[in-house]
Amino acid sequence: MKRGFYDRPVLEVARDLIGCVVTHEDCSGVIVETEAYHDSEPACHAFVGLTPRTETLFGPPGRAYVYRSYGVHALLNAVCEPEGVGAAVLIRALEPVTGLDHMRERRGLDAVRQLCSGPGKLTQALGIELSDNGSDLLCGPVAFSPRPWAWRDVEISIDRRIGITRAVELPWRFCATGSRFLSRPVRRTAAV
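In our numbering, the protein residues as written are 770 to 961.
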């Protein structure tokens, strides 16, 4: 992946990340679900402006924005758009590829389908922590890589974001159509 991949509108990046691979340590998975967030809408952390918490969101594209959700789970986002714009893509679900034994150990379960089927689950499975906030997605420790050959022509479904209470009407959730690794089934049938 090149820096320019992230230096684009967040909706384009969220869609184009489907099928790409996230790697951390010896674990990896194919991205099957994302959500876009932009400082122009109230569900985005950057909506409140530049604060110590949102500083990474307004930084250069291609950085990891990792934050704690409800004081429990670390969530992984890819910062997008030009520096000064608060935008990121939440990685909601992965199809596990490598390091399954470590993922099972970290998650305390055997079912492959449940290892990374949610934003908190996938960070726990891959061992991603708050210390990864601000790190470079091009060189790691959390690294994103292009779609493997088998994922080149992935069909993508679009739905509303989930787990939020503001700007819920926006169709900014992107999913690999038919994936059994999603955090929740797709309600809409729109595909791109």
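Glycine is no exception: its CB is placed at the ideal position from the N, C-alpha and C atoms.
Within 8 Å, strictly: CB atoms of histidine 807 and isoleucine 897 | no
Ignore the nearest five residues each way along the sequence and tell me which others in valine 854's own chain have a CB closer than 6 Å to its CB.
-> none
Pairwise C-alpha distance: leucine 884 and aspartate 870 = 10 Å
Once you ignore the five residues that flank aspartate 879 on each side, which residues in its own chain have a CB closer than 7 Å to its CB?
-> Arg873
Please go through the same chain and pick out, in chain order, the residues whose beta-carbon is closer than 8 Å to the beta-carbon of isoleucine 925, but skip the five residues on each side of it.
-> Arg784, Ile787, Phe943, Cys944, Ala945, Thr946, Ala960 and Val961
State the beta-bridge partners of cysteine 944 as determined by DSSP.
-> Glu802 and Ser926
When you compare only the Cα positions, how much space is there between valine 881 and valine 801?
-> 14 Å
Where aspartate 776 and arginine 949 are concerned, what is the direct C-alpha to C-alpha distance, given to the nearest angstrom?
-> 30 Å
In this structure, what does DSSP give as the bridge partners for serine 797?
-> Thr792 and Thr867
Got a sec, what are the start and stop residues for the alpha helix (DSSP H) alanine 894 sits in?
-> 888–895
Any idea which residues DSSP pairs asparagine 1005 with across the strands?
-> What is shown of the chain runs 770 to 961, which leaves residue 1005 out entirely.
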